[in-house]
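> Protein sequences appear in the order of chains A and B.
Its first residue numbered 0, the first sequence is counted upward by one per residue in numbering that gives the first Met the number 0.
Its first residue numbered 0, the second sequence is counted upward by one per residue in numbering that gives the first Met the number 0.
Using N, Cα and C, we set each Cβ at its ideal position, and we do this for glycine too.
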Amino acid sequence: MIHSGYDGSVHLFRGKPGGGFEPSATPKLSSGEDMVFTFKLKYLLPRDWNGDGHMDLIAFKSTETMLYPGLGDGTFGEPVPIRSNGNDIGFSYATAALADWDGDGVEDLWVGHERGGAYFYKGTGQKTGDHAFHTPVPHFPPRTSRVQPIPALPEGAEPPEIAEAYGRFTGTRTHVSVWDWNGDGLLDLVIGDMRQAVYRPEHPTPEATELIDSFLNLQEEFASSVERAEAALSASPWSLTQSQQSGFSRQLSELLAKDPLYETRATKLFELNHRLFRVTQHLKGNSYVWVYLQKPRPTETQP
Amino acid sequence: MMLSPFVLALAITAPASSESTPYAFETPFLIPVEEGWAGGYYSSPTFYDWDGDGLDDLFIGNQRDTCGGVLKIYRNVGKPGAPKFERLEDFKIAGALPRIPGG
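1) Which residues of the stretch 29-51 of chain B have a Cβ closer than 7 Å to any Cβ of chain A? Give them in chain order.
2) Report yes or no: do the stretch 209-226 of chain A and the stretch 262-275 of chain A share at least 3 C-beta pairs separated by less than 8 Å?
3) Could you check the C-alpha separation between A/Phe276 and A/Lys283 for me, to the nearest Å?
4) Return no unless some Cβ of chain A is closer than 9 Å to the Cβ of B/Gly53.
5) For A/Asp179, which residues in the same chain have their Cβ closer than 7 Å to its Cβ, ignoring the five residues on either side in sequence?
6) Could one say the Cβ of B/Leu87 lies closer than 9 Å to chain A's Cβ atoms, at least one of them?
7) Do we get a CB-CB distance below 9 Å when we pair A/His133 with the residues of chain B?
8) Please identify, using Cβ separations under 8 Å, the residues of the stretch 268-293 of chain A that lie next to chain B, in order along the chain.
9) When we look at the beta-carbon of B/Leu87 and count the other beta-carbons within 10 Å, is it buried (16 or more) or exposed?
10) Name, please, each residue of chain A whose Cβ falls closer than 9 Å to the Cβ of B/Gly80.
11) Nearest by alpha-carbon distance to A/Val110: which of A/Leu292, A/Asp103 and A/Tyr92 is it?
12) Would you mind telling me which residues of chain A sit closer than 9 Å to B/Phe24, beta carbon to beta carbon, in chain order?
13) Considering only their Cβ atoms, is the gap separating A/Leu254 from A/Leu232 smaller than 9 Å?
14) Can you give the Cα-Cα distance for A/Thr127 and B/Val32, rounded to whole angstroms?
15) Within 10 Å of its beta-carbon, does A/Glu77 have 16 or more other beta-carbons around it, so buried, or fewer, so exposed?
16) What residues are listed by DSSP as bridge partners for A/Ala256?
17) What runs of the beta strand (DSSP E), each 3 residues or longer, lie entirely inside the stretch 37-61 of chain B?
18) Consult DSSP for A/Ser30 and reduce its assignment to one of helix, strand or coil.
19) For A/Leu292 and A/Asn181, which I take to be in contact (beta-carbon distance under 8 Å), what is that distance rounded to the nearest angstrom?
20) DSSP has A/Ser3 in a bridge; who is on the other side?
21) What's the gap between the Cα of B/Val69 and the Cα of A/Ile190?
22) 9 Å is my cut-off, CB to CB: does A/Arg167 come that close to chain B?
23) By Cβ distance, which residues of its chain are closer than 8 Å to A/Asp101, with the 5 residues on each side in sequence left out?
24) Starting from A/Trp109, follow its DSSP beta bridges and name the residues at the other end.
25) Spatial neighbours of A/His130 within its chain, please: CB distance less than 6 Å, with the 5 preceding and 5 following residues excluded, ordered by chain position.
26) Express the C-alpha separation of A/Thr169 and B/Ala10 in angstroms, rounding to a whole number.
27) When we look at the beta-carbon of B/Pro27 and count the other beta-carbons within 10 Å, is it buried (16 or more) or exposed?
28) Would you verify that the beta carbon of B/Ile72 is, or is not, closer than 9 Å to some beta carbon of chain A?
29) Assign A/Thr173 to buried or exposed, taking buried as 16 or more other Cβ atoms, counted over all protein chains shown, within 10 Å of its Cβ.
30) Measuring straight from C-alpha to C-alpha, what distance separates A/Asn84 and A/Pro135?
31) For the ligand GTP, is there any heavy atom lying closer than 8 Å to the beta carbon of A/Pro205?
32) How would you call B/Ser43, buried or exposed, if buried means at least 16 neighbouring beta carbons within 10 angstroms?
33) Quick one: is A/Asp319 near chain B, going by C-beta distance under 9 Å?
34) For the beta strand (DSSP E) that contains A/Thr173, what are its first and last residues?
35) Grouping DSSP H, G and I as helix and E and B as strand, with all else coil, what is A/Arg82?
36) Which residues in chain B sit within 7 Å of A/Ser176, going by Cβ to Cβ distance?
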């Protein structure tokens with residue numbers, strides 16, 4: 000079993016004969032160095048990707064995806080890029096799944112997104128290099144852009160409403176897995192997410208009311224200002240490819256920097272976020288795992 | 000656990016949009032488990048036949064706190080095409096939760 004840590008560490012748990020696992024070890028590169036990634040390595044997929052009979056590691060990073068070819072002696076060789084139509088594949092705070100989704104004999108790729116939803120990369124069969132995958136298609140775009148307010152949480156009650164706070168769609172930071180859930184021969188998507196909600200207590204104090212109202216008003220102002228800036232750039236980051244996203248982020252930052260209230264709002268919003276989450280606990284976060292069953296595909300009509 | 004300003008910024012700037020998709024999906028549903036719904040905090044699911052009974056079991060990685068993650072294991076006690084999950088003990092090494100930074 001292999002795990003990638005949030006801090007870029009890699010943890011290999013070797014199975015023991017008869018069951019159980021050895022303590023965590025760090026995989027080695029052929030140079031003898033430890034396999035350690037920079038911050039925000041998000042996901043590792045063990046797979047004989049290059050078909051040489053040795054287990055490789057595919058490392059999905061925030062800025063790129065690389066193949067670390069297994070050498071068969073427990074070490075890994077020099078990384079090779081895996082790209083999509085000439086662009087890097089890189090999403091932080093997300094996971095990826097490989098599967099022959101469309102049944103053409105070539106493995107395809109699903110990648111989650113820190114904003115929510117998932118990207119589908121159709122495989123080309125080239126495995127590595129600039130054209131390992133086609134240009135991605137975004138699916139399940141986020142349906143809301145705000146932390147959701149939920150009224151009247153009874154004292155001491157667990158908040159079941161948070162599951163529905165964003166509706167029956169994935170929230171942010173989606174972690175994608177592919178599995179045939181219902182055994183119909185079609186692969187389905189199983190997606191973990193993250194969602195946050197602000198709860199009003201049943202009998203709020205004036206301080207709590209003011210704090211929650213301030214947060215909701217400020218997040219509305221902040222989100223609206225960002226959306227106005229995005230509209231001014233005539234683009235939605237959700238629908239951009241990775242190469243476009245980096246340029247878009249820079250342009251957006253430059254535009255927002257011209258807004259005299261942007262920094263003040265962002266700083267104040269972070270303070271309120273901290274108070275609501277850590278001090279008063281009116282802001283809660285939770286993750287759920289959603290099952291998206293693939294509908295039967297239309298059969299081709301015979302002439 | 001603390002929400003970073005980065006997380007907050009992402010959450011509130013996520014754009015609403017609609018895209019056509021080459022494949023169609025049913026309205027998604029949550030996975031029922033004994034404690035309510037499968038999940039946790041920054042949930043990352045995957046499947047593997049852990050107990051070798053021919054049915055894939057469900058694994059969900061979660062952030063536990065600011066410096067550690069946890070791997071929940073759910074045994075599939077259903078039937079092929081009709082999975083049902085029952086939680087086992089979280090993944091441990093020598094009786095202790097491994098310290099893997101989650102997120």
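Reading from the atomic positions:
1) Those would be Leu29, Ile30, Trp36, Ala37, Gly38, Gly39, Tyr40, Tyr41, Ser42, Ser43, Pro44, Thr45 and Phe46, in chain order.
2) Here the stretch 209-226 of chain A lies against the stretch 262-275 of chain A, with 3 or more beta-carbon pairs under 8 Å apart.
3) Near 6 Å, if we compare the C-alpha coordinates of A/Lys283 and A/Phe276.
4) no
5) Leu185, Leu186 and Asp187
6) No - not a single Cβ of chain A is within 9 Å of the one on B/Leu87.
7) It does not: the Cβ of A/His133 has no partner Cβ on chain B nearer than 9 Å.
8) Leu268, Phe269, Asn272, His273, Phe276, Arg277, Leu282, Gly284, Asn285, Ser286, Tyr287, Val288, Trp289, Val290, Tyr291, Leu292 and Gln293
9) exposed
10) Asp179, Trp180, Asn181, Gly182 and Asp183
11) Minimum Cα distance to A/Val110 is reached at A/Tyr92.
12) The contacting residues are His138, Phe139, Asp187, Leu188, Tyr291, Leu292, Gln293 and Lys294.
13) yes
14) 39 Å
15) exposed
16) Note: A/Ala256 sits in no beta bridge, so no partner.
17) 43-47
18) coil
19) 6 Å
20) A/Val9
21) 18 Å
22) Closer than 9 Å to some Cβ of chain B, the Cβ of A/Arg167 qualifies, so yes.
23) Excluding residues within five positions, the ones whose Cβ falls inside 8 Å are Asp107 and Lys121.
24) BP columns for A/Trp109 point to A/Ala96 and A/Phe119.
25) Thr123
26) Confidence at B/Ala10 is low in this model, with a pLDDT of 38, below 50, so the placement of that residue is unreliable and no value is reported for it.
27) buried
28) Taking Cβ atoms only, chain A never reaches closer than 9 Å to B/Ile72, which makes this a no.
29) buried
30) 9 Å
31) The model on display carries no ligand, and the ligand GTP is accordingly not part of it.
32) buried
33) As shown, chain A starts at 0 and ends at 302. That puts residue 319 of chain A outside it, with no answer to give.
34) Thr171 to Trp178
35) strand
36) Pro44, Thr45 and Phe46
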